[in-house]
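Protein chains in written order, with the working numbering: chain E, 54 to 299; chain W, -1 to 481.
We treat Cβ as the ideally placed atom computed from N, Cα and C, and that holds for glycine.
One structure is given here, and the rest of the page talks about it.
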Amino acid sequence: MRIALFITCFNDTMFPGTGKAVVEVLERLGHQVDFPQEQTCCGQMHFNTGYRPDAVPLVERFARVFGEYDAVITPSASCAGMVRENHPVLAADHGRAELQQQVAELVPRVYEFTEFLTDVLRVTDVGAFFPHRVTYHPTCHSLRGLRLGERPLELLRAVKGIDLVDLPAPDSCCGFGGTFAVKNADTSGAMLADKADGVLSTGAEVLCAADNSCLMHIGGGLSRQGSGVRTMHLAEILAATEGGVR
Amino acid sequence: MTGQGVVWLGSPSFPEAAREALKDGRLRANLKRATTTIRDKRLAVASELDDWEALRESAAAIKRRTARHLDRCLLQLEESVTAAGGTVHWAADADEANRIVTELVRATGESEVVKIKSMATQEIGLNEHLAEAGITAYETDLAELIVQLGDDRPSHILVPAIHKNRGEIRDLFTAEMGSWGRPAPDGLTDEPAALAEAARQHLREKFLRAKVAVSGANFAVADTGTVVVVESEGNGRMCLTLPETLITVMGIEKVVPTWSDLEVFLQLLPRSSTGERMNPYTSTWTGTTDGDGPQAFHLVLLDNGRTDTLADQGGRRALACIRCSACLNVCPVYERTGGHAYGSVYPGPIGAVLTPQLVGVEAAASLPFASTLCGACYDACPVKINIPEVLAHLRAEVVEAKGRSAEALAMKAAAVVLDSPRLLGAAQKAAALGGRVLARDGRIGRLPGPLHGWSDSRDTPQPPTESFRQWWRKNKEGSHEQP
């Protein structure tokens, strides 16, 4: 199986550790991962902010760069959702006929990281060790977009040493929403405050999720409050082992 | 024809209005309590039905089919209502509908009407219009009465006074009821039963006196000509049965083809809106009946922007809305800001898609952006309107309507950078460099310019010195065979 990592522009720039963690977990499970260097961005920011035509070259690039692979893995539920839900829309509305065909063929091979582990590789125990109190926030794209359901929790429960605690009101949006956090900063901040209170009430040392964008927002709020809670992509928890330090 | 009256003139944009609303701690507490309660009730009763998903699917299909044949359905409705003794009027916009209703009331010689809670008459501003013509409209729905006594605006589709708590309502009744009719009893408490009794006494004299009633409609059945009003208090039924003349104003999208279609909606609506298994007062009437109920019945069919909405393939789904307000109750944005911030008769997620379509995107340009696209509304919607998808569609329309802007230029530049691994790499190096300048202890605090809103309540992590692609090139490149 030829596996490609789609790191996403955001993780590439801000959270390279998440990409390293995905590579580490997959290699530990005996798979070779490729990183096609021509990859850039899925076009989500442009699409969600109303700049659809600007996103079309990114859809074309994505199809071109990843078309040859058997599986494209991304550590972002929202970018996976963008590819799955909206690349076909953009290809149909603005692209050439052959792009539609390319996108339709590629989309079923694009997986969010936890989907790939549980549905394709059929593993829940990836040999991780993480002796900390952790709570998991199901991001909206994990929960209602990709319907990841229990997948991330099954993976986390199999981590040795973990003390996994429930987050109150887990299905409530954290208030990030991409450019929403800038255009509607006050409302976003009010939602963030409630989410941060929920995180603090668990007594967790670490908050994890399948999207670093939401984590940067929640973590930014927790940091501003001076709380010691760390935010980590769940791939980084799954990559942690008894020997390694994270 | 563009919808008139839907937006409140002079309303600030959503972000500005929201900023003000968020400062009101009591409002937020009232909203949180109310929406959480109703949300939990809805979830409990919706999960009782094994065929809930099938019901939603059926409702969506009926609405799609009706929209496809709306012209035929409406003509059939006109024919059935006329055959049953009613009179049908067609109104292209709010002005025309207001004129028709005013003339109908004048023709009776009356100077007051009782009203049943209705979104369509809110939309066209009927009460204000009647007042200009010297006709007083009395709201008889308890929450609408509260809004009317407070000279306030509704902030929720189903619970227009959701922003008020018991104490505020007691104070309002005590201060205002007297100038509208029977005053509140002395020493009124804020006990729900006492408040309801005060409203009952106040309204009873209006029901008994009224010669004309004005209502909206939840549904109208094309093949039988039956109009349906769904309500919880029984006050609606008083208005529908006691007066001599009944005038119903109904959006054209409310028609359903057959009586049996109601079966689907009457299961979905109460569970989605009030969290009840069955609706308490469901009134249905077909034209007029000799010696029973109103002897004159007028049905005003209102377009007010609906035909334009129907013409938009990306947005027409919003017309399927049955005004249950489940999307408001689950919306994390609505829960914080309340309904007034939307500046529209239709607040919340459904308002954010309906309003710009009814009035044109330029007149409500901030509403499609008043959402994180979290998807809770779509999951709750009993007729499966994919609200986030419609919002994204409308955002593209707003951008197109605005043309050149600083944001459009920035987005264009970002698109160029993001379509080039080389430029993206350069931008990453610049970000790392900028981060080193701005960050203290690995964190970036307050930022100037358009990012100040973001940085007011959040730190930003310092961008790493090495991007993933740099790391890969250094450590992994060449170790794998390219496909």
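Beta-carbon contacts of residue i that lie in its chain and below 6 Å, excluding the five residues immediately before and after
| i | result |
| --- | --- |
| R349 of chain W | Looking at the sequence shown, residue 349 of chain W is not Arg but Gly. Same-chain partners within the cutoff: Y340, S342. |
| G337 of chain W | S153, H154, P345 |
| E258 of chain E | H185, R186 |
| Y332 of chain W | L326, G346 |
| S129 of chain E | T61, D264 |
| I245 of chain W | V99, L102, V212, H296 |
| F88 of chain E | L58 |
| K213 of chain E | F182 |
| V78 of chain E | V179, L291, A292 |
| P10 of chain W | none |
Which of helix, strand or coil DSSP assigns to residue i
| i | result |
| --- | --- |
| F205 of chain W | helix |
| H200 of chain W | helix |
| G228 of chain E | coil |
| E113 of chain E | helix |
| D65 of chain E | helix |
| M54 of chain E | coil |
| R402 of chain W | coil |
| S276 of chain E | helix |
| H87 of chain W | strand |
| E229 of chain W | strand |
| A294 of chain W | strand |
| A292 of chain E | helix |
| D216 of chain E | strand |
| D87 of chain E | strand |
| P106 of chain E | helix |
C-alpha gap between residue i and residue j, whole angstroms
| i | j | result |
| --- | --- | --- |
| A90 of chain W | E76 of chain W | 16 Å |
| R210 of chain E | V253 of chain W | 51 Å |
| K209 of chain W | E108 of chain W | 7 Å |
| R200 of chain E | V118 of chain E | 26 Å |
| A145 of chain E | N139 of chain E | 10 Å |
| C62 of chain E | T192 of chain E | 19 Å |
| V156 of chain E | G148 of chain E | 10 Å |
| S195 of chain E | Q90 of chain E | 26 Å |
| A118 of chain W | E207 of chain E | 49 Å |
| E94 of chain W | Q426 of chain W | 59 Å |
| K73 of chain E | E80 of chain E | 10 Å |
| T64 of chain W | V86 of chain W | 19 Å |
| L140 of chain W | T33 of chain W | 18 Å |
| T256 of chain W | V262 of chain W | 11 Å |
| P110 of chain E | L143 of chain E | 10 Å |
| A390 of chain W | C322 of chain W | 22 Å |
| I36 of chain W | M285 of chain E | 34 Å |
| V157 of chain W | T463 of chain W | 53 Å |
| N125 of chain W | R97 of chain W | 12 Å |
| T294 of chain E | V381 of chain W | 48 Å |
| T93 of chain E | W470 of chain W | 14 Å |
| S230 of chain W | R438 of chain W | 58 Å |
| P13 of chain W | W452 of chain W | 13 Å |
| R24 of chain W | T335 of chain W | 12 Å |
| T287 of chain W | V111 of chain W | 21 Å |
Residues of its chain near residue i, where Cβ-Cβ distance is below 7 Å and the 5 sequence neighbours each way are ignored
| i | result |
| --- | --- |
| Q199 of chain W | R180 |
| S116 of chain W | S213, G214, V247 |
| R315 of chain W | I383, N384, V388 |
| Q480 of chain W | Annotation note: pLDDT 46 at Q480 of chain W (below 50); position unreliable, coordinate value reported separately. Closer than 7 Å at Cβ, skipping near neighbours: no residue. |
| V79 of chain W | V86, G223, G285, L297 |
Neighbourhood of residue i by C-beta, 8 Å cutoff - its chain only, sequence neighbours within 5 removed
| i | result |
| --- | --- |
| D172 of chain E | Y164, R204 |
| T100 of chain W | H127, L128, A131, I133 |
| W178 of chain W | Y136, Q146, L147, H200 |
9 Å Cβ cutoff met for residue i and residue j
| i | j | result |
| --- | --- | --- |
| G1 of chain W | A92 of chain W | yes |
| G3 of chain W | N302 of chain W | yes |
| C379 of chain W | S270 of chain W | yes |
| I215 of chain E | I126 of chain E | no |
| S465 of chain W | G432 of chain W | no |
| I442 of chain W | D457 of chain W | yes |
| M67 of chain E | A412 of chain W | no |
Residue-chain proximity (residue i, chain C), Cβ-Cβ < 9 Å
| i | result |
| --- | --- |
| P141 of chain E | Here chain C cannot be found, since the structure's protein chains are E and W. |
* Touching by the beta-carbon criterion (3+ pairs, under 8 Å), the region 109 to 122 of chain E and the region 56 to 66 of chain E -> Touching, yes, given that three or more Cβ pairs across the two stretches are closer than 8 Å.
* How about the region 167 to 179 of chain E and the region 234 to 244 of chain E: do they share at least three Cβ pairs that are nearer than 8 Å? -> no
* Do the region 417 to 426 of chain W and the region 360 to 378 of chain W make contact, defined as three or more Cβ pairs closer than 8 Å? -> no
* Count the CB pairs spanning the region 244 to 255 of chain E and the region 263 to 278 of chain E that are closer than 8 Å, and state whether there are at least three. => The answer is yes - the region 263 to 278 of chain E touches the region 244 to 255 of chain E, with three or more Cβ pairs under 8 Å.
* Asked: Is it a yes or a no for the region 387 to 403 of chain W touching the region 102 to 112 of chain E, going by three-plus beta-carbon pairs under 8 Å?
  -> yes
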